[in-house]
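Participant: Count along the sequence shown from 1, add 962, and you get the number used in our numbering.
Just so it is clear, CB atoms sit at the ideal spot from N, CA and C, and this is done for glycine as well.
As the structure is a computational prediction, the values presented were derived from the model and not from experiment.
Following this message is one structure expressed as structure tokens.
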Amino acid sequence: NRNAKYTMIFSHGNAEDIYLVQSWLQSYFLKHVNVNAVVYEYTGFGEANGNIPQEQSLYEDIETVYLYLTEIINIPADQIILFGRSIGSGPSCYLAEKYHVAGVMLHAPLMSALRVVFSNLRWTLPFDKFPNIDRIKNFDCPV
């Protein structure tokens, strides 16, 4: 949509794939919000090739999408919004800590992987995955 001011990078949840997300976005979300949306598949998920998904590969996937949008398509960083649902909050928080974006939307985010099981943890252990709770404080955009 050439009239849309923002482009949203959508990072889906664990029990979803690009097909399910695309249907939901077109049927509900994009009817009410004037944004362009990029939905990408994690390496090893759905139809995407690759090994078993790893935390680092999810970070590399979203960074590839972001760099494509900003360096190839020339979309300004301040016109990119990140949307992370469930496990998709991990790559979204990673990217928002590393790069400037217009904003971050988190739907059912993880504080961290271990905190899904052990909600009483007060700090992030060195081997924990997706330490979103620690990254959010470093964002330079609205959440």
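List the whole-angstrom C-beta distance separating N1052 from E1017, where the pair is believed to meet the contact cut-off of C-beta under 8 Å.
Facilitator: The sequence given here has Gly at residue 1052, not Asn. That pair is a contact at about 7 Å.
Participant: Assuming contact is defined by CB atoms lying nearer than 8 Å, are S1074 and P1088 in contact in what I supplied?
Facilitator: Not closer than 8 Å, so no.
Participant: For the structure I just gave you, are there three or more beta carbon pairs, one from the segment 1057-1077 and one from the segment 999-1012, closer than 8 Å?
Facilitator: Result no; under three Cβ-Cβ pairs closer than 8 Å.
Participant: Do S985 and G1046 have their C-beta atoms within less than 8 Å of each other?
Facilitator: No; because the gap between Cβ atoms is not below 8 Å, this pair is not in contact.
Participant: Looking at C-alpha atoms only, which residue of R1084, V1078 and C1055 is the closest neighbour of R1097?
Facilitator: The residue with the shortest Cα to Cα distance from R1097 is C1055.
Participant: Looking only at its chain, what residues have a beta carbon closer than 8 Å to the beta carbon of L987, apart from the 5 residues adjacent to it on each side?
Facilitator: Correct list, in chain order: F972, A999 and V1001.
Participant: Out of T1032, N1036 and E1059, which has the shortest C-alpha to C-alpha gap to N1100?
Facilitator: Among T1032, N1036 and E1059, the Cα nearest to that of N1100 belongs to E1059.
Participant: How many angstroms separate the CA atom of N976 from the CA atom of I1049?
Facilitator: In a straight line, the C-alpha of N976 is about 6 Å away from that of I1049.
Participant: Classify R1084 as helix, strand or coil using the three-state DSSP reduction.
Facilitator: Three-state DSSP puts R1084 in coil, outside helix and strand.
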